[in-house]
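Below is one structure, written out as structure tokens; the observations come after it.
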Amino acid sequence: MSELTGKVAIVTGAAQGLGVGIAHALRAAGARLALVDINGDGLAAAAEEAAGREPGSVEQFVTDLADADQVHRLPERVIERFGALDILVNNAGVRSISPFLVQSPAQWRATLDVNLTAPYLLCQAAIPHMIERGGGKIVNITSTAATLGFKNRSAYNVSKAGLTMLTKSIALELAGSGINCNAVAPGVVRTPLNSSYFDDAEFTRVIVENTPAETWGSPADIGSAVRFLCGPAADFVNGAELLVDGGWCTGKGY
Ligand SMILES: NC(=O)c1ccc[n+]([C@@H]2O[C@H](COP(=O)([O-])OP(=O)(O)OC[C@H]3O[C@@H](n4cnc5c(N)ncnc54)[C@H](O)[C@@H]3O)[C@@H](O)[C@H]2O)c1
């Protein structure tokens, strides 16, 4: 028996990157998983790997999180399959890079739709089921960009700052119903989101200079923080944002 045995968790953006690290951490803690992504092929591979020798423990839900109807129906679909819903991890995210003055309304909306509106809709649809179960845990994956903006990423910065405040708002209103809603704010993590920088010496220099840990984070680093917030050890943690950034936000290193 591990701390999440008997729990059912939704993890969005689970086809690659941080979602895979989070899925592995929650599976290792005993949770059954509803893995969600728009990329069906990636999701199938990730689900097979996360399930290991227990295929029934992980299901795939191919979903476009920018489509409000699909998002709204997702908790019901998960409950039809697993009979319960205890944990929601809003991890899926997109990031367009564009100077503010030329950023199009379409780019702005596309970022906000996936990074902020989808978590809002999913929380609203999932929480009543969690309350029926006596409570639940929600973890929103924000970013250091929620507090320290990055140039040419205004929509992304705003979406993550909004998600931080959504986290606090839900915690404030629903703590009395047994809902814990917290955020994990990763620093720079080596995932496909950042693949264009893998061989970029200048970017690597910036990471090393700004991160006291002097390195990229890994999906497993984020997974273990999410696992903690989903478990009973974090029952008295609510509305918090846990930085997992190797110290990036502690200050300038010069
Ligand atoms: N990697 C980092 O350095 C870093 C740092 C801070 C925060 N984050 C955040 O962590 C989360 C995961 O990042 P990642 O690095 O794993 O990114 P990634 O691009 O590697 O993976 C994101 C996943 O989300 C899915 N997705 C995107 N749009 C979707 C949609 N409309 N419907 C369903 N699924 C969709 C993608 O298919 C993909 O599988 C994001 O919210 C990101 O903003 C990442």
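Under full-length UniProt numbering, the first residue of the sequence shown is numbered 1, with each subsequent residue one higher. From the three backbone atoms N, C-alpha and C, an ideal C-beta is built for every residue, glycine too. Predicted, not measured: the structure shown is a model, and the values here were computed from it.
In chain order, 21 place their CB closer than 6 Å to the CB of residue 220, counting only its own chain and leaving out the 5 sequence neighbours on each side. Taking residue 3 as reference, the option from 95, 229 and 99 with the minimal CA-CA separation is 229.
In the structure shown, residue 137 falls within a strand segment according to DSSP collapsed to helix, strand and coil.
Per DSSP, the unbroken alpha helix (DSSP H) holding residue 201 starts and ends at 201-210. Cβ-Cβ separation between residue 15 and residue 42: approximately 3 Å, consistent with a contact (criterion under 8 Å). Annotation for residue 51: 57 and 58 place their beta carbon closer than 7 Å to its own, counting only its chain and skipping 5 residues before and after. The beta carbons of residue 115 and residue 93 sit closer together than 7 Å. For residue 35, the uninterrupted beta strand (DSSP E) run begins and ends at 32-37, by DSSP.
Using a cutoff of 6 Å, the CB of residue 186 counts as near ligand 1, since one of the ligand's heavy atoms is closer than that.
Residue state for residue 103 is assigned as coil, using DSSP reduced to three classes.
Residue 82: member of the alpha helix (DSSP H) spanning 68-82, first to last residue.
The Cβ neighbour count for residue 24, taken over all protein chains shown within 10 Å, is at least 16; the residue is labelled buried. DSSP places residue 243 in the uninterrupted beta strand (DSSP E) bounded by 241-244. Looking at the DSSP output, residue 87 shares a beta bridge with 9 and 137. In the DSSP secondary-structure assignment, residue 185 is bridged to 243. Distances from the CB of residue 211 to the heavy atoms of ligand 1 are all 6 Å or more. Counted as a single uninterrupted DSSP element, the alpha helix (DSSP H) harbouring residue 228 occupies residues 219-230. In this model, residue 231 and residue 138 are separated by some 11 Å (Cα to Cα).
In this structure, the alpha-carbon of residue 250 lies about 22 Å from that of residue 159. Take the alpha-carbon of residue 66 and the one of residue 122: they are about 11 Å apart. In the three-state scheme derived from DSSP, where H, G and I count as helix and E and B as strand, residue 60 is classed as strand.
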